[in-house]
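Read through the structure below, which is laid out as structure tokens, and then see the notes.
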Amino acid sequence: MAHVETNVRTPMQIFSLPQQLVVPLFQRPYVWEQEEQWAPLWSDIRRLTDLRLRDPYSTATHFLGAVVVQAHEGQLGTMQSSNIIDGQQRLTTLQVVMDATAAVLESVGLDSLAGQLQSLTHNQATFVPAGESSLKIRHTNRDHAVFDEVMDADPPVDHSALKHATSRITRAHEYFTDEITTWLGETDEADRAVRANALVAVLTSGLQLVAINLTAAENSQEIFETLNARGTPLTAADLIKNFVFQRLALERADTHRAYAEHWPFDTKFWETEVSVGRYRVSRGSLFLNQWLVSRLGEEIGPQQTFTRFKAYVEHDAVQTMTDLLPTIKEQADLYQAWTVAADEKDRQLSVVEMSVYRMRASDLELLKPLLIWLHAPGRQLPQAVVDGVVAAAESWIMRRMFLRLTTSDLGRVVAELIRVHGDAPAVELVERVRGHLSRINVTSSYWPGDEEIRAAFAEEAVYRRFKVARLRLFLEAVENEYRRGTNQPQVSRRGYPIEHVLPQSWQENWPVNGLDAELDRAAHVHRLGNLTLLTTSLNSKVSNSAWSHKREALRDHDTLLLNSRLLSQSADQEWTEGLIDARSTQLIETLLAVWPVPEGHTGEVVDPRDKTQEWVEVKHLVAAGLLEPGTRLTPRQGSWASRDAVVGADGLLDVDGKLFGSPSAAGHHVKGSVTNGWTFWRMPDGRRLIDVRAVFQGEKPSEIRWAAALPRVEWTEEDLAQYASEAQPLTLRLLDHVALERPDELLTGADFAALGLAPEQFAGFTGAMARKVYNDYERSNPPIEFVDSDGRWHYRMPRDTAEAWRSVRMLGTTSRSSSTA
Numbered sequence: 001m002a003h004v005e006t007n008v009r010t011p012m013q014i015f016s017l018p019q020q021l022v023v024p025l026f027q028r029p030y031v032w033e034q035e036e037q038w039a040p041l042w043s044d045i046r047r048l049t050d051l052r053l054r055d056p057y058s059t060a061t062h063f064l065g066a067v068v069v070q071a072h073e074g075q076l077g078t079m080q081s082s083n084i085i086d087g088q089q090r091l092t093t094l095q096v097v098m099d100a101t102a103a104v105l106e107s108v109g110l111d112s113l114a115g116q117l118q119s120l121t122h123n124q125a126t127f128v129p130a131g132e133s134s135l136k137i138r139h140t141n142r143d144h145a146v147f148d149e150v151m152d153a154d155p156p157v158d159h160s161a162l163k164h165a166t167s168r169i170t171r172a173h174e175y176f177t178d179e180i181t182t183w184l185g186e187t188d189e190a191d192r193a194v195r196a197n198a199l200v201a202v203l204t205s206g207l208q209l210v211a212i213n214l215t216a217a218e219n220s221q222e223i224f225e226t227l228n229a230r231g232t233p234l235t236a237a238d239l240i241k242n243f244v245f246q247r248l249a250l251e252r253a254d255t256h257r258a259y260a261e262h263w264p265f266d267t268k269f270w271e272t273e274v275s276v277g278r279y280r281v282s283r284g285s286l287f288l289n290q291w292l293v294s295r296l297g298e299e300i301g302p303q304q305t306f307t308r309f310k311a312y313v314e315h316d317a318v319q320t321m322t323d324l325l326p327t328i329k330e331q332a333d334l335y336q337a338w339t340v341a342a343d344e345k346d347r348q349l350s351v352v353e354m355s356v357y358r359m360r361a362s363d364l365e366l367l368k369p370l371l372i373w374l375h376a377p378g379r380q381l382p383q384a385v386v387d388g389v390v391a392a393a394e395s396w397i398m399r400r401m402f403l404r405l406t407t408s409d410l411g412r413v414v415a416e417l418i419r420v421h422g423d424a425p426a427v428e429l430v431e432r433v434r435g436h437l438s439r440i441n442v443t444s445s446y447w448p449g450d451e452e453i454r455a456a457f458a459e460e461a462v463y464r465r466f467k468v469a470r471l472r473l474f475l476e477a478v479e480n481e482y483r484r485g486t487n488q489p490q491v492s493r494r495g496y497p498i499e500h501v502l503p504q505s506w507q508e509n510w511p512v513n514g515l516d517a518e519l520d521r522a523a524h525v526h527r528l529g530n531l532t533l534l535t536t537s538l539n540s541k542v543s544n545s546a547w548s549h550k551r552e553a554l555r556d557h558d559t560l561l562l563n564s565r566l567l568s569q570s571a572d573q574e575w576t577e578g579l580i581d582a583r584s585t586q587l588i589e590t591l592l593a594v595w596p597v598p599e600g601h602t603g604e605v606v607d608p609r610d611k612t613q614e615w616v617e618v619k620h621l622v623a624a625g626l627l628e629p630g631t632r633l634t635p636r637q638g639s640w641a642s643r644d645a646v647v648g649a650d651g652l653l654d655v656d657g658k659l660f661g662s663p664s665a666a667g668h669h670v671k672g673s674v675t676n677g678w679t680f681w682r683m684p685d686g687r688r689l690i691d692v693r694a695v696f697q698g699e700k701p702s703e704i705r706w707a708a709a710l711p712r713v714e715w716t717e718e719d720l721a722q723y724a725s726e727a728q729p730l731t732l733r734l735l736d737h738v739a740l741e742r743p744d745e746l747l748t749g750a751d752f753a754a755l756g757l758a759p760e761q762f763a764g765f766t767g768a769m770a771r772k773v774y775n776d777y778e779r780s781n782p783p784i785e786f787v788d789s790d791g792r793w794h795y796r797m798p799r800d801t802a803e804a805w806r807s808v809r810m811l812g813t814t815s816r817s818s819s820t821a
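Just so we're aligned, residue 1 is where the sequence shown starts under the UniProt record's numbering, counting upward by one.
Set out below in structure tokens:
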């Protein structure tokens, strides 16, 4: 770049000449905030000023970053004019700081110093044409009126009285005004002028910026894309906006009109951040990414949005930017309409709008590119075709969700659908999409069949396996299917509470006789057939009441067909495990009808081993809801304890900015040697990652080796009394037996046959006990501990714990105490 001028400049050198530095229309609005930018900047200014007060000969400076300006072509008039290509956030803030300082100085009578700063923020009247602003920085976007108002306000500025009092720029001006006023007030009047002189010297000559000056002929886009090392990172929408309007300028388009009519992304709706995997992106950036996928039929990562958009415009698109931008705007408006409609609680949603609602409830964005593609301008598909394609794709995703299968490869399949079937005739499109999805035969992306879902859901504790929003989505779908059969409107989407018909705390009012019956009842509590929606929550007393009372309470909610059918099904019967199983079957069949597969489709895969419990990856734990995206895993104790791994929504582990596909690979990176990552990494609550994997695999809790991250704390009688008040009857019996009969002994599950407990049942109780103690009592040792003896796991209640338990439960003395003393 032969014409690029790069110089280190002070604010005095940048702003001293009569000029106008213009923030172009395509620049994003002002986004700096107090915590991230204003406070650190003031701290730097104050530090430098204090240094100069201590040492008047100090020449210390502070570097603020880079700015890029480009001269306007063919200027006329007395003042030079340039566009700010990059750095408008810091230049705007610097102008605000200087103006706020000048206002404070003027209010305390230091007019000469105030004038020095005003000469850098305002042009002299002799250079300003009549009726125009004297400000040296001119905003042309939505910050225009805000900036002008606060910068031209008479001191002392009453910020609360300004029309734009709540805007960021006004709040920045107020922040610096308050800080400078307080700082100057820390000394007496005699020293105030000395302080003020030092502050003005720092603001005019102690700060430095790298100023890159481009001629009108230079390609400013190349600079803009790379010089954003400091400040708030540019979003993909910001970069695309700059690129779009530079292209429009080259096409001699009316950029002001284009911005007003065809650029919607500078509004609150589009600037709102949403989660996509491990990334947080603005909704505008997300839409532009999804729009690109709909155009190209390629899977495009969030971080590649801008570069792929630029390449598309420069190499793939046949339209000029003048013609392309209205197309983007048209689809963005439709996208916004879908999103807004999906948020309306009582609206009768179309198939597309319902799909948008269901994706949001599921924390998925997978189908958005497909929706945009189906509604491309000029495509004009019949609504029945659009609905058919959406229904097939939604069934594919929802059925995989039923089985908690990974979604990491589904974006590729959606892009493939768009690419492969882009030229399909409308009359063939639905069948071609169904056929495409039906032919997928690998675990990472296949379309599950009916039998697999029936088998998985029949005895699944769905309330424990799915997030509430997803489970509510399933029940709403059943309710709507019931209503569709009777021509009733869709159920309102008001976040209705999920109620357990057989209550979670069933022991008092729903007792059964015998251990097997108790275990069977406990196993049915969280099954699909025991769950329903209510329009309002029941209080705990009613929720846990006996069936005769609770049935009457449910009648108040029989406006929901889920409940009227439930009451009809139970009639005058008790609500039993048999009815729960029967209702589970009915609900499963309804879900399969809501999200059907083509006739004869079974969902066979060529890699069935991948679906077994022997093959588990982090992404499976994330998909199952057992491991939240964003969770920070820490290593076991050692020299690596300060390192961590952040879990991504795609199951990748981020360590030191590098991504790893397995815990062991991430552990090897940290240790520098081979390690078992499942035992190396720990959850925030202290569990090892292998413990979470064990829950996913359905292992008995006794097989889960609880981590020793929490301290060992001896049990007091007060602690045990609290634990006893919360324990279930079977747990109390178990603890009573061990405390009386087997204190301090190494036991195995076979030692509890006298209680009618099989070894695996005993393991279940002790595992549940350990989890409760670990989470609620923040200690590593449950009353019955796990003990590793010669490589085998045993159970033991320490003698002190047994004595305290007997005291709490008033059990008397152990029958073995005399023989074991």
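We put the CB at the ideal spot given by N, CA and C, even for glycine.
Query raised in the report: Is the stretch 321 to 335 touching the stretch 452 to 460 in the sense that three or more CB pairs, one from each, lie closer than 8 Å?
Result: As far as the Cβ criterion goes, the stretch 452 to 460 does not touch the stretch 321 to 335, which means the pair count is below three.
Query raised in the report: What residue range is occupied by the uninterrupted beta strand (DSSP E) comprising residue 882?
Result: The chain is shown from 1 up to 821; residue 882 falls before or after that span and cannot be answered.
Report task. Rank 727, 562, 491, 467 by C-alpha distance to the C-alpha of residue 627 and give the top, closest one. Result -> Nearest in C-alpha terms to residue 627, of all of 727, 562, 491, 467, is 467.
Query raised in the report: Terminal residues of the continuous alpha helix (DSSP H) containing residue 393?
Result: Here the alpha helix (DSSP H) through residue 393 covers 383 to 402.
Requested in this report: Could you check what DSSP says for residue 827 in three-state terms: helix, strand or coil?
Outcome: Summary: the structure shown does not reach residue 827, with the chain confined to residues 1 through 821, and so no result is reported for it.
**Report entry** residue 823 versus residue 8 - alpha carbon distance
**Finding:** A query on residue 823 cannot be resolved here, the shown segment of the chain reaching from 1 to 821 and no further.
Query raised in the report: Using the rule of at least 16 other Cβ atoms within 10 Å of the residue's Cβ for burial, across every protein chain shown, is residue 83 buried or exposed?
Result: Residue 83 should be labelled buried.
Query raised in the report: What residues in its chain sit with their C-beta under 7 Å from that of residue 118, if we drop five residues either side in the sequence?
Result: Hits under 7 Å: 102.
Report task. Just tell me which of 159, 56, 741, 525 has its CA closest to the CA of residue 465. Result -> Of 159, 56, 741, 525, the residue nearest in Cα terms is 525.
Requested in this report: Along the alpha helix (DSSP H) that carries residue 333, what are the first and last residues, could you check?
Outcome: That run of the alpha helix (DSSP H) goes 321 to 343.
Requested in this report: Locate the beta strand (DSSP E) running through residue 286, then write down its first and last residues.
Outcome: Counting along the chain, residue 286 falls outside any beta strand (DSSP E), though it belongs to the alpha helix (DSSP H) covering 283 to 296.
Requested in this report: Go through the stretch 82 to 153 residue by residue and report every complete run of the alpha helix (DSSP H) that reaches 4 residues or more, in order.
Outcome: Listed in chain order, the complete alpha helix (DSSP H) runs (minimum 4 residues) inside the stretch 82 to 153 are 88 to 107, 111 to 121, 144 to 151.
Requested in this report: Just the C-alpha distance for residue 717 and residue 648, rounded to the nearest angstrom, thanks.
Outcome: Straight-line measurement puts the Cα of residue 648 at about 43 Å from the Cα of residue 717.
Requested in this report: Return yes when the Cβ of residue 58 is within less than 8 Å of the Cβ of residue 64, no when it is not.
Outcome: The Cβ atoms of residue 64 and residue 58 lie no closer than 8 Å to each other.
Query raised in the report: Under 8 Å, do residue 502 and residue 510 count as touching if we go by C-beta distance?
Result: Yes, these two residues count as a Cβ contact at 8 Å.
Query raised in the report: Under the three-state reduction of DSSP, which class applies to residue 532: helix, strand or coil?
Result: Of the three classes helix, strand and coil, the one that applies to residue 532 here is strand, per DSSP.
Query - Alpha-carbon to alpha-carbon, residue 679 and residue 402 - result: Rounded to the nearest whole angstrom, the CA to CA distance from residue 402 to residue 679 is 29 Å.
Requested in this report: Have a look at the DSSP bridge pairing and note the partners of residue 8.
Outcome: DSSP output for residue 8 lists 210 as bridge partner(s).
Query - Residue of 240, 15, 210 minimising C-alpha distance to residue 321 - result: Taking only the C-alpha atoms, the option nearest residue 321 is 240.
Report task. Classify residue 65 as helix, strand or coil using the three-state DSSP reduction. Result -> Under the three-state reduction of DSSP, residue 65 is assigned to strand.
Query - Which listed residue (318, 660, 514, 620) has its alpha carbon closest to that of residue 755 - result: That would be 514, whose Cα lies nearest to the Cα of residue 755.
Report task. Check residue 466 in the structure and name its three-state DSSP category. Result -> Coil at residue 466, not helix or strand.
Query raised in the report: In terms of residue numbering, what span does the beta strand (DSSP E) encompassing residue 500 cover?
Result: For residue 500, the uninterrupted beta strand (DSSP E) segment begins and ends at 498 to 500.
Query raised in the report: Quick one: is residue 158 buried, meaning 16 or more other Cβ sit within 10 Å of its Cβ, or exposed?
Result: Residue 158 sits exposed, since fewer than 16 C-beta atoms from the chains shown fall within 10 Å of its C-beta.
Query raised in the report: Between the C-alpha atoms of residue 15 and residue 54, what's the straight-line distance to the nearest angstrom?
Result: C-alpha separation (whole angstroms): 28 Å.
Query - residue 493 (DSSP reduced to helix, strand or coil) - result: Residue 493 falls in the coil class under three-state DSSP.
Query - Close-in-space but distant-in-sequence residues of the same chain around residue 826 (CB under 7 Å, 5 per side omitted) - result: Because the chain here runs from 1 to 821, residue 826 falls outside it and cannot be looked at.
Requested in this report: Note down, in chain order, each residue of its chain lying with its Cβ closer than 8 Å to the Cβ of residue 605, except the 5 sequence neighbours on either side.
Outcome: If the five residues before and after residue 605 are omitted, its C-beta is found closer than 8 Å to the C-beta atoms of 441, 442, 443, 446, 611, all from its own chain and listed in chain order.
Report task. Spatial neighbours of residue 229 within its chain, please: CB distance less than 6 Å, with the 5 preceding and 5 following residues excluded, ordered by chain position. Result -> Unreliable positioning characterises residue 229 in this predicted model, as indicated by a pLDDT of 41, which lies under 50. A coordinate reading is not provided.
Report task. Evaluate the contact criterion for the stretch 479 to 488 versus the stretch 558 to 565: three or more CB pairs, one atom per stretch, below 8 Å. Result -> Because the criterion of three Cβ pairs below 8 Å is met, the stretch 479 to 488 and the stretch 558 to 565 touch.
**Report entry** Check whether residue 747 and residue 799 have beta carbons under 8 Å apart
**Finding:** No. Outside cutoff.
Requested in this report: Determine, using beta carbons only, whether residue 808 and residue 721 come nearer to each other than 8 Å.
Outcome: Yes. Within cutoff.
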